[in-house]
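Numbering (full-length UniProt numbering), first residue to last: 1 to 208. Worksheet: one structure, shown below.
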């Protein structure tokens, strides 16, 4: 075992969200789901040190987006002692339930993706103005929505406010190809450059 990563949340929903984000962003293995008293749930993963650190950061950000109070704590143990292995790899029946929930979540995500292909992403809409014109004929009320798209500079400023883990998650979600090792070592400036380049090309394609 090269590294051990742990995230502890309040409630099962936060645990599922953390595990889903961790598995998507890095090449790690999900070892264990453990429920303890007080509504706490611990997710345990293993993998390379860099991958586990990246995964734990992504898991923290995912849980905090649900609610800051849902995250109880997190920790990464590089190269844990061999005597810990029997404890962290002990058979846990709850992991099967988590895998079923993650599978259901992924299926729901695919359904939402099919619908969202016909909907403009919300993060690109910065202003909406509604104009109502009144007339004397049957069409006396007409609503017009004007949507302004973020400029490249505005998008870059938004990225600069995000944490490294959030930027890594955006790179994965935007299908920007980088190896796992490159992503785990990539500095914020480089990640922002990649995302801005992808956004610029997307804007250009939308105009054509």
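The beta carbon of each residue, even a glycine, is placed where N, CA and C say it ideally should be. The model shown is predicted, which means the values in this text are computed figures rather than measured ones.
Just to confirm, are residue i and residue j a CB contact at a threshold of 7 angstroms?
i: residue 45; j: residue 30; result: yes
i: residue 8; j: residue 62; result: no
i: residue 56; j: residue 41; result: no
i: residue 19; j: residue 43; result: yes
i: residue 4; j: residue 80; result: yes
i: residue 26; j: residue 54; result: yes
i: residue 174; j: residue 198; result: yes
i: residue 49; j: residue 78; result: yes
Would you report the Cα separation of residue i and residue j, rounded to the nearest angstrom?
i: residue 176; j: residue 71; result: 28 angstroms
i: residue 160; j: residue 2; result: 32 angstroms
i: residue 184; j: residue 51; result: 6 angstroms
i: residue 84; j: residue 69; result: 29 angstroms
i: residue 10; j: residue 39; result: 6 angstroms
Considering only C-alpha positions, which residue in the set the options is nearest to residue i?
i: residue 157; options: 169, 196 and 43; result: 196
i: residue 187; options: 198, 168 and 174; result: 168
i: residue 149; options: 207, 170, 47 and 171; result: 207
Would you say residue i faces chain B, with C-beta separation under 7 angstroms as the test?
i: residue 86; result: No chain B appears in this structure, which consists of one protein chain only.
In the DSSP output, which residue or residues are listed as bridge partners for residue i?
i: residue 3; result: 47 and 78
i: residue 29; result: 46
i: residue 160; result: Partner(s): none; residue 160 has no beta bridge.
i: residue 8; result: 42 and 73
i: residue 152; result: According to DSSP, which records beta bridges pairwise, residue 152 is partnered with nothing at all.
_Continuous beta strand (DSSP E) assignments of at least 3 residues falling wholly in the region 33–99_ = List check, beta strand (DSSP E) in window: 40–47 and 71–78.
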